[in-house]
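Residue numbers (my numbering), protein chains in the order written: chain X, 1 to 438; chain C, 439 to 652.
Written out below as structure tokens is the structure these notes cover.
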């Protein structure tokens with residue numbers, strides 16, 4: 001999730017934090033323009049012009065708050081999910097479609113929360129994330145004052161305060177005032193660096209409270225996800241049943257019928273032509289072996305025996321043994337996931353391995369299976385030429401759908417030139433291991 | 439020759455019992471679940487055990503586990519495992535302890551009584567009997583090792599039969615060539631695969647598998 005965050009030392013983090021907050025503060029200026037534009041568009045809704053401009057304006061607003069979400073997640077570690085309700089499906093072109101989009105977006109509380117954010121954030125950010133940056137700058141200004149700027153101000157006829165120190169006509173000659181300025185400036189700088197992490201964290205929470213999903217939108221998103229994955233699961237299992245039915249019908253069933261017919265013929269031939277009957281018998285036995293073979297393959301496709309016997313770890317080891325590429329498997333599991341999860345993971349891995357064999361052009365594979373933080377995590381790495389993508393690989397899309405039913409995710413990292421790393425994560429609990437006989 | 443038999447399907451168990459008895463085996467015990475299999479193996483110390491992989495109570499790989507456990511306590515106990523499926527993983531586990539007397543066959547090999555009984559005898563004698571299906575899959579995935587590509591088709595055939603656990607005489611008979619020709623082929627195979635020449639059948643299989651495992 002935070003793959004883009006470069007590991008930094010604590011010292012680096014301390015040094016950088018105030019300026020991150022400061023940048024968030026600066027971001028308020030463009031955000032205000034975006035907010036004003038959005039308001040303007042809203043006000044022209046009645047004129048009709050607003051209806052045309054609204055989608056782009058709301059996209060702009062969302063883009064702006066998305067930037068905040070990203071920056072807050074990157075800099076504070078507070079993850080903020082996008083709260084938006086899905087747009088209506090199948091938007092017609094033209095005015096009607098725009099109007100439906102308009103009404104759905106206007107009804108989405110997240111739109112208003114976004115707008116509220118652009119109104120309130122300039123003030124909030126100044127007192128939280130951006131404050132340490134200002135403190136440090138002000139501290140530096142103190143040094144400059146004590147050094148030479150104070151003199152310039154006084155000579156220019158100005159008169160001002162630095163904190164409680166009066167920068168007046170006496171200032172250039174007043175040694176004590178200068179020392180006080182430097183001391184005060186140092187205090188500001190130290191305070192800036194010390195307070196920065198906490199204030200940035202406070203800002204993160206503020207961000208989550210307004211930019212994050214509410215309970216309602218979270219539920220709405222969840223319902224949508226579940227509906228989608230259920231539909232896919234139903235479709236997939238229906239297709240699977242059709243495939244099994246067809247395989248049985250064309251394969252084993254047909255062979256058994258043929259065997260019955262041959263047996264009838266053999267019965268008939270037994271007295272008349274025993275030699276021919278013997279040949280036919282041999283053929284029939286061959287047929288029965290073939291039927292068994294087909295049934296076996298069919299069962300293997302439904303529920304692989306090693307998976308049933310030993311669970312996902314050994315099942316993947318068995319897959320690896322049959323794989324044309326040289327494969328290393330490490331498994332760290334202290335139990336077995338639920339059977340449906342196990343099966344989904346198995347077929348997902350099997351598909352990924354098939355893909356690797358077909359497209360990667362590599363020679364070696366590393367598979368890592370572990371259970372961490374409530375997730376079954378399996379990563380498959382090859383030394384191939386990379387360039388795999390979820391967009392064009394129907395196989396990988398299938399993997400995604402398959403594990404999506406269990407809220408699993410597939411992450412693919414495959415730069416051109418390789419290597420390819422496919423990682424799948426499935427939330428699941430492990431049951432205690434089967435006690436072995438020995 | 440005394441046999442302990444484990445098979446949970448009553449029909450198949452009866453069938454195996456009568457098949458083995460007609461071929462002059464003595465059935466010391468015929469059991470239908472994992473725990474009693476282990477007990478029977480340790481009590482009777484048979485000349486050979488014929489074991490189904492999937493047995494009650496768990497209906498997973500109880501039979502295989504019991505056989506492996508028994509072999510840990512009685513090293514070299516000859517075990518012929520029968521299964522509806524052949525899995526490389528299980529084949530490798532059976533061969534892993536390096537002792538002789540291991541067999542792993544598909545259940546339908548029982549159809550051919552003569553070959554089946556031959557396999558049982560071979561295992562009882564400390565040899566190996568690997569199902570052709572296991573071997574061909576081993577050889578197929580073994581193509582990732584380049585040296586296999588150097589074998590001639592005939593040598594590959596010989597290698598497959600060798601990996602099944604057959605003696606040179608049996609291979610010669612199967613391929614309808616002289617035993618001398620087979621000896622020559624095996625010598626070539628060992629040279630091409632960089633394997634030390636070994637005397638008995640079982641070590642040949644182990645050598646082949648060790649090579650394929652690389």
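All C-beta atoms, glycine included, are put in the ideal place defined by N, C-alpha and C.
In this text the structure is predicted, and so the values were computed from the model without any measurement.
For this session: Please go through the region 534–567 of chain C and give each complete beta strand (DSSP E) segment of 3 or more residues, from N-terminal end onward.
Result: List check, beta strand (DSSP E) in window: 540–544.
For this session: Answer yes or no: does any C-beta atom of chain C fall closer than 8 angstroms to that of residue 317 of chain X?
Result: At least one chain C Cβ lies under 8 angstroms of residue 317 of chain X.
Problem set entry | Sequence-distant residues of the same chain with beta carbon closer than 6 angstroms to residue 368 of chain X, five excluded per side | Once the five neighbours on either side are set aside, the close Cβ partners of residue 368 of chain X are 330, 379.
For this session: Starting from residue 450 of chain X, follow the alpha helix (DSSP H) in both directions and report where the run begins and ends.
Result: Beyond the ends of chain X as shown, which are 1 and 438, falls residue 450 of chain X; an answer cannot be given.
Problem set entry | Residues bridged to residue 244 of chain X [DSSP beta-bridge criterion] | Residue pairing by DSSP places residue 244 of chain X in no beta bridge whatsoever.
Exercise. Hey, how far is the Cα of residue 506 of chain C from the Cα of residue 459 of chain C?
Worked result: If you take the alpha carbons of residue 506 of chain C and residue 459 of chain C, they lie about 25 angstroms apart.
For this session: Return the CA-CA distance between residue 489 of chain X and residue 479 of chain C, expressed in angstroms with no decimal places.
Result: Look at the range of chain X in this structure, 1 to 438, and you will see that residue 489 of chain X is not part of it.
Exercise. From X:274, X:294, X:85, X:44, pick the residue whose C-alpha is nearest to that of residue 256 of chain X; which is it?
Worked result: Nearest of X:274, X:294, X:85, X:44 to residue 256 of chain X, Cα basis: X:294.
Exercise. So, are the CB atoms of residue 322 of chain X and residue 526 of chain C less than 8 angstroms apart?
Worked result: Yes, they are a contact pair.
Problem set entry | Check whether residue 208 of chain X and residue 302 of chain X have beta carbons under 8 angstroms apart | Note that the C-beta distance between residue 208 of chain X and residue 302 of chain X is not below 8 angstroms.
Exercise. Looking at residue 150 of chain X and residue 172 of chain X, is the spacing between their C-beta atoms short of 8 angstroms?
Worked result: One thing to note: residue 172 of chain X has its Cβ within 8 angstroms of the Cβ of residue 150 of chain X.
For this session: List the endpoints of the continuous alpha helix (DSSP H) containing residue 138 of chain X.
Result: 131–144 is the extent of the alpha helix (DSSP H) around residue 138 of chain X.
Exercise. Which two residues bound the contiguous beta strand (DSSP E) that contains residue 375 of chain X?
Worked result: Segment 375–382, the beta strand (DSSP E) holding residue 375 of chain X.
Problem set entry | Buried/exposed call for residue 217 of chain X, threshold 16 Cβ in 10 Å | Result: buried.
Problem set entry | CA-to-CA distance, residue 372 of chain X to residue 464 of chain X, given in whole angstroms | Residue 464 of chain X lies beyond the residue range present for chain X, which begins at 1 and ends at 438; the question has no answer from this structure.
Problem set entry | DSSP beta-bridge partners of residue 340 of chain X | Residue pairing by DSSP places residue 340 of chain X opposite no residue, since no beta bridge is assigned to it.
Exercise. Taking the alpha helix (DSSP H) that residue 471 of chain C falls in, what are its first and last residues?
Worked result: Run containing residue 471 of chain C: none; DSSP gives neither H nor E here.
Exercise. Between which two residues does the alpha helix (DSSP H) carrying residue 34 of chain X extend?
Worked result: Under the DSSP assignment, residue 34 of chain X falls in the alpha helix (DSSP H) whose first and last residues are 28–43.
Exercise. To which residues does DSSP link residue 51 of chain X through a beta bridge?
Worked result: Under DSSP, residue 51 of chain X shares a beta bridge with no residue.
For this session: Spell out the partners DSSP gives residue 464 of chain C in its beta bridges.
Result: Under DSSP, the beta-bridge partners assigned to residue 464 of chain C are C:440.
Problem set entry | Nearest residue (CA-CA) to residue 407 of chain X, options X:340, X:153, X:260 | Of X:340, X:153, X:260, the residue nearest in Cα terms is X:340.
Exercise. Counting Cβ pairs closer than 8 angstroms, one from the region 70–86 of chain X and one from the region 43–58 of chain X, do we hit at least three?
Worked result: Fewer than three Cβ pairs drawn from the region 70–86 of chain X and the region 43–58 of chain X lie within less than 8 angstroms of each other, which leaves the two stretches out of contact.
Exercise. Got a sec: which bits of the region 488–504 of chain C sit with their beta carbon under 9 angstroms from any beta carbon on chain X, in order along the chain?
Worked result: Close to chain X, meaning a Cβ-Cβ distance shorter than 9 angstroms, are the following residues of the region 488–504 of chain C: 491, 492, 496, 497, 498, 499, 500, 502, 503, 504.
Exercise. Per DSSP, residue 411 of chain X is paired with what?
Worked result: Paired residues: X:423.
Exercise. Does residue 81 of chain X have its Cβ less than 8 angstroms from a Cβ in chain C?
Worked result: Taking Cβ atoms only, chain C never reaches closer than 8 angstroms to residue 81 of chain X, which makes this a no.
Exercise. Would you call residue 26 of chain X buried or exposed, if buried means 16 or more other Cβ atoms sit within 10 Å of its Cβ?
Worked result: Its Cβ having fewer than 16 others within 10 Å, residue 26 of chain X is exposed.
Exercise. Smallest Cα separation from residue 593 of chain C: which of C:502, C:622, C:481, C:611?
Worked result: Of C:502, C:622, C:481, C:611, the smallest CA-CA separation from residue 593 of chain C is found for C:622.
For this session: Kindly indicate which residue of X:342, X:104, X:414 has the alpha-carbon position closest to the one of residue 431 of chain X.
Result: Comparing Cα positions, the closest option is X:342.
Exercise. Should residue 369 of chain X be flagged as near chain C, meaning a C-beta pair shorter than 8 angstroms?
Worked result: Residue 369 of chain X is outside the set of residues whose beta carbon lies under 8 angstroms from a beta carbon in chain C.
Exercise. Taking Cβ-Cβ distances below 9 angstroms as the criterion, which residues of the region 235–263 of chain X are in contact with chain C?
Worked result: Listed by position, the residues of the region 235–263 of chain X near chain C (Cβ gap below 9 angstroms) amount to none.
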